[in-house]
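Enquirer:
Protein chains: 2
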Amino acid sequence: MRFRKLVTVGINESSIDASHWKQIDSLAEERISLTDGSNIEEHLKDADCILVDPFAFKVDKNVIDMAPKLKYIGDSLTAYGKIDTEYAKSKGIIVSNVPGYSTESVAEFVFAIILESIRQLEKGKDAAREGDYSGLGFSLTEIKGKKFGIIGLGRIGSRVAEIASGFGADVMYWSRNRKPELEAKGIKYDDVERMISECDFLSLHLAQTKDTENFLNEDRMQKIKKNSIVINTAPMELVDIGALERRLMNGDMIFILDHSDEMKKDDLARLSKFDNCIIYPAIAHITKEAKMARQEIFVKNIENFLKGSPTNRVN
Amino acid sequence: MRFRKLVTVGINESSIDASHWKQIDSLAEERISLTDGSNIEEHLKDADCILVDPFAFKVDKNVIDMAPKLKYIGDSLTAYGKIDTEYAKSKGIIVSNVPGYSTESVAEFVFAIILESIRQLEKGKDAAREGDYSGLGFSLTEIKGKKFGIIGLGRIGSRVAEIASGFGADVMYWSRNRKPELEAKGIKYDDVERMISECDFLSLHLAQTKDTENFLNEDRMQKIKKNSIVINTAPMELVDIGALERRLMNGDMIFILDHSDEMKKDDLARLSKFDNCIIYPAIAHITKEAKMARQEIFVKNIENFLKGSPTNRVN
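Residue numbers (the numbering used here), protein chains in the order written: chain P, 5 to 319; chain Z, 5 to 319.
(1) Please return the same chain residues whose Cβ sits closer than 8 Å to the Cβ of Glu108 (chain P), not counting the five positions on each side in sequence.
(2) Whole angstroms is fine: what's the gap from Asp88 (chain Z)'s alpha carbon to Leu55 (chain Z)'s?
(3) From this set, Z:Lys73, Z:Ser80, Z:Thr315 and Z:Asn43, which residue's C-alpha is nearest Ser19 (chain Z)'s C-alpha?
(4) With distances taken between CB atoms, is the gap from Glu112 (chain Z) to Ile118 (chain P) smaller than 7 Å?
(5) Can you tell me where the beta strand (DSSP E) with Glu34 (chain P) in it begins and where it stops?
(6) Report the rounded CA-to-CA distance for Asp279 (chain Z) versus Asn254 (chain Z), giving the unit in angstroms.
(7) Label Arg298 (chain P) either buried or exposed according to how many other C-beta atoms from any shown protein chain fall within 10 Å of its C-beta, with 16 as the threshold for buried.
(8) Do Phe142 (chain P) and Gln124 (chain P) have their C-beta atoms closer together than 7 Å?
(9) Could you work out which residue in Z:Glu126, Z:Gly41, Z:Lys269 and Z:Leu208 is closest to Gly161 (chain Z) when comparing CA atoms only?
(10) Spatial neighbours of Gly172 (chain Z) within its chain, please: C-beta separation below 8 Å, excluding the five flanking residues on both sides.
(11) How close, in whole Å, do the beta carbons of Ile287 (chain Z) and Leu144 (chain P) come, if the pair is a contact with beta carbons under 8 Å?
(12) Measure the beta-carbon distance from Asn66 (chain P) to Thr82 (chain P) and round it to whole angstroms, keeping in mind my assumption that it falls under 8 Å.
(13) If the cut is a Cβ gap below 7 Å, which residues of chain P does Pro285 (chain Z) touch?
(14) In chain order, what residues of the same chain lie with their CB nearer than 6 Å to the CB of Arg8 (chain Z), ignoring the 5 residues before and after it?
(15) Ile167 (chain P) CB to nearest chain Z CB: under 7 Å?
(16) Taking just the CA atoms, how far does Ile154 (chain P) sit from Leu210 (chain Z)?
(17) Is Asn218 (chain P) near Asp244 (chain P), with beta carbons less than 7 Å apart?
(18) Which residue wins for smallest C-alpha separation from Val114 (chain P), given the options P:Ala238, P:Leu275, P:Lys269 and P:Leu252?
(19) So Glu320 (chain P) packs on Ala116 (chain Z), CB below 8 Å; how close in whole Å?
(20) Is there a C-beta anywhere in chain P that falls below 7 Å from the one on Arg274 (chain Z)?
(21) Going by the CB atoms, is the gap between Asn221 (chain Z) and Ala188 (chain Z) shorter than 7 Å?
(22) Tell me, please, whether the CB atom of Arg159 (chain Z) is closer than 7 Å to any CB atom in chain P?
(23) Who pairs with Met176 (chain Z) in a beta bridge, going by DSSP?
(24) Could you check where the alpha helix (DSSP H) with Phe113 (chain Z) kicks off and where it finishes?
(25) In chain order, what residues of the same chain lie with their CB nearer than 8 Å to the CB of Ser169 (chain Z), ignoring the 5 residues before and after it?
(26) Do you know how far the Cα of Met296 (chain Z) is from the Cα of His289 (chain Z)?
(27) So His263 (chain Z) contacts chain P; which residues on that side make the cut at Cβ distance below 8 Å?
(28) Can you tell me where the beta strand (DSSP E) holding Lys9 (chain P) begins and where it ends?
(29) Take Arg6 (chain Z) as the anchor and find which of Z:Gln27, Z:Ser276 and Z:Lys129 has the nearest alpha-carbon.
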């Protein structure tokens, strides 16, 4: 079985390689690729499949109503907050997303940026380039034996926990749900407030919801252990930026983030001023392996829908 | 029991902290601290203990003969090649060294410098500082699932193997002796030539001996897998520098080293020219934890000798 008319919206041509486009094209009689929603109505009239980058184009009730023949919405990423999945469901339209493709990419990145900081690698490379190989003037620490707290033990948090265990850290977590399979590996469940005040490393892996916004509020921010390192590869909506600024001013902790979840320019500018706030571009989740896995899952979802056994449904 | 006269040679005052100096001083009636071997003869005449940095001062037959009352030589580091341990033994003098203090420091450093490279962190920080948070133009990879070869499975190599397993790499090793306890954890013993030609990451952890000098010779250097990363935190005597230069010229692999084992200036200058040769100062083994452990073991060795149960003997 194939789709009659497949419409892609906001999917950057280069984010899918030629061989995966070829696979997609084999799954539909016709493909229309749109960069955004202009003139979309005429294309949706007879579309039975939409593939979408939800950050580039919002699939709301109005869009769904434009496509009376629609059967499947393929989200090219993990987040699906911008797709009205409930309304789609009411119309019998299945929505699938691409979860977990960047689990390893982000988990390894957490250790990359921790180690870069605690081993002063940038300073080291600079010194060597200037011909100073002495190693004098460095103040370096280890992960082993340190309290390593993980807030949010989903896919990524779980992998961070496992890798931290490999380093010999004293790993603890707090999450909405207990994870017995990780507790069996020595990852301890702990009180979130105590973790914040006692951990040497604190890595945030909560999903962004109304409950988790500003999770690191003024009170918790002030409680963060002195000389600790806090890592956020999750959305910065988890963090009260003003509270973070006030804590950074004390100069007694380091905050490291990546910009993979877009921040307000103003917030970025405010945080960039601090030497103890290390900001990376959106590189946490874009290893070659993650990019490849994303495409494979994305295409597989379409194939599986057509075979009658949809995968990674979110509605 | 205490020593009557304890002489330290070449031990930088600041490399031992005040509390450890205090402990050392409680173990001898008198302490003389010399920066080098000048006028040493008069001080050794009645010394029953020498504490030495073997890189700063060589304890040869001649020196040992200057000290007829000598009972104990305390090496402040791991290497003891510059102490004539056999001759000391023939005179009933016990030599102890400080092994293993930097195991964790070096093992974690291996992952720090691998991840710094495969996640292009320096480029990332630079881009963010210039206001480019897009993550465009990066080419990043993961450790998970890659062939990770460890050459030399001593203390450090073993920890590197365990951490690499935590990352989910396909870990293999070659060593003089098989290590069943690590094989039980899934670390596979393999043929060294095959490892060199197949591994994506290759970390050298051999001790420097006549047999291991120029281990990475012309032939092996040419066999190293394309697009792999070779890490050497062991002495650079393991590597034929000319052969490395010739391979680096191909631009199809990355070599990362730290300068903790001193190299010839000329060799450093030759290697610094290559973008695909990343050189760090002597920072692999100097975490705070390692520095502290070194002092503790060093002092404990002296105490244990005095108690009649010497530890970390090398003769």
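C-beta atoms are modelled at their ideal positions from N, C-alpha and C, and glycine is treated no differently.
Owing to the predicted nature of the structure, the values given are computational and were not obtained by experimental measurement.
Expert: Per the coordinate set shown:
(1) Along the first sequence, read from residue 1 onward, the residue named residue 108 (chain P) stands at position 104. The residues are Arg163, Thr291, Glu293 and Ala294.
(2) For the purposes of this step, residue 88 (chain Z) is identified with residue 84 of the second sequence, where counting begins at 1. For the purposes of this step, residue 55 (chain Z) is identified with residue 51 of the second sequence, where counting begins at 1. Their backbone Cα atoms lie some 14 Å apart in a straight line.
(3) Translated into the one-based positions of the second sequence, residue 19 (chain Z) becomes position 15. Answer by Cα proximity: Z:Ser80.
(4) The residue labelled residue 112 (chain Z) in the question sits at position 108 within the second sequence. The residue labelled residue 118 (chain P) in the question sits at position 114 within the first sequence. Going by C-beta atoms, Glu112 (chain Z) is not nearer than 7 Å to Ile118 (chain P).
(5) As a first step, residue 34 (chain P) must be located in the first sequence, where it is residue number 30. Per DSSP, Glu34 (chain P) belongs to the beta strand (DSSP E) from Ala32 to Leu38.
(6) For the purposes of this step, residue 279 (chain Z) is taken as residue 275 along the second sequence, with counting starting at 1. For the purposes of this step, residue 254 (chain Z) is taken as residue 250 along the second sequence, with counting starting at 1. One C-alpha to the other measures close to 11 Å.
(7) Looking up residue 298 (chain P) in the first sequence gives position 294. Counting Cβ neighbours within 10 Å, Arg298 (chain P) comes out buried, since at least 16 surround it.
(8) The count along the first sequence starts at 1 and reaches residue 142 (chain P) at position 138. The count along the first sequence starts at 1 and reaches residue 124 (chain P) at position 120. A contact, by the Cβ cut-off of 7 Å.
(9) Your numbering for residue 161 (chain Z) matches position 157 in the second sequence. Out of Z:Glu126, Z:Gly41, Z:Lys269 and Z:Leu208, Z:Leu208 has the C-alpha closest to the C-alpha of Gly161 (chain Z).
(10) Here residue 172 (chain Z) is taken as the residue at index 168 of the second sequence, counted from 1. The answer, listed in chain order, is Ile147, Lys148 and Gly149.
(11) Taking the first residue of the second sequence as 1, we reach residue 287 (chain Z) at position 283. Taking the first residue of the first sequence as 1, we reach residue 144 (chain P) at position 140. 6 Å between Cβ atoms; contact.
(12) Start at 1 with the first residue of the first sequence, and residue 66 (chain P) comes out as number 62. Start at 1 with the first residue of the first sequence, and residue 82 (chain P) comes out as number 78. Not quite, the Cβ-Cβ distance comes to about 24 Å (not below 8 Å), so this is no contact.
(13) Counted from its first residue, the second sequence places residue 285 (chain Z) at position 281. Result: Gly128, Ala131, Ala132, Asp136, Tyr137, Ser138 and Gly139.
(14) As a first step, residue 8 (chain Z) is located in the second sequence; it is residue number 4 there, counting from the start. Cβ within range, chain order: Glu33 and Asp52.
(15) The residue labelled residue 167 (chain P) in the question sits at position 163 within the first sequence. Ile167 (chain P) counts as touching chain Z.
(16) Counted from its first residue, the second sequence places residue 210 (chain Z) at position 206. Counted from its first residue, the first sequence places residue 154 (chain P) at position 150. Rounded to the nearest angstrom, the two C-alpha atoms are 36 Å apart.
(17) Mapped onto the first sequence, residue 218 (chain P) falls at position 214. Mapped onto the first sequence, residue 244 (chain P) falls at position 240. A contact, by the Cβ cut-off of 7 Å.
(18) Locating residue 114 (chain P) in the first sequence gives position 110, counting from the first residue. Of P:Ala238, P:Leu275, P:Lys269 and P:Leu252, the residue nearest in Cα terms is P:Ala238.
(19) An answer regarding residue 320 (chain P) cannot be provided, because it is not within the stretch 5 to 319 covered by chain P.
(20) Numbered from its first residue, the second sequence carries residue 274 (chain Z) at position 270. False, the Cβ-Cβ gap to chain P never drops below 7 Å.
(21) Position 184 of the second sequence holds residue 188 (chain Z). Position 217 of the second sequence holds residue 221 (chain Z). Contact: no.
(22) Here the question's residue 159 (chain Z) lines up with position 155 in the second sequence. No, its Cβ sits nowhere closer than 7 Å to a Cβ of chain P.
(23) Residue mapping note: residue 176 (chain Z) aligns to position 172 of the second sequence, counting from 1. DSSP lists Z:Gly153 and Z:Lys192 as partners of Met176 (chain Z).
(24) Within the second sequence, numbered from 1, the residue matching residue 113 (chain Z) stands at position 109. Taken as a continuous stretch (DSSP letters only), the alpha helix (DSSP H) holding Phe113 (chain Z) covers Thr107 to Ile122.
(25) The count along the second sequence starts at 1 and reaches residue 169 (chain Z) at position 165. Excluding positions up to five away in sequence, the list reads Val175, Lys189, Gly190 and Ile191.
(26) Translated into positions along the second sequence, residue 289 (chain Z) becomes position 285. Translated into positions along the second sequence, residue 296 (chain Z) becomes position 292. One C-alpha to the other measures close to 12 Å.
(27) For the purposes of this step, residue 263 (chain Z) is taken as the residue at position 259 of the second sequence. Going along chain P in sequence order, the residues near His263 (chain Z) (Cβ under 8 Å) are Ala132, Tyr137 and Gly139.
(28) Position 5 of the first sequence, counted from the start, is the residue given in the question as residue 9 (chain P). Residues Phe7 to Val13.
(29) Taking the second sequence and counting its residues from 1, one reaches residue 6 (chain Z) at position 2. Nearest option by C-alpha distance: Z:Gln27.
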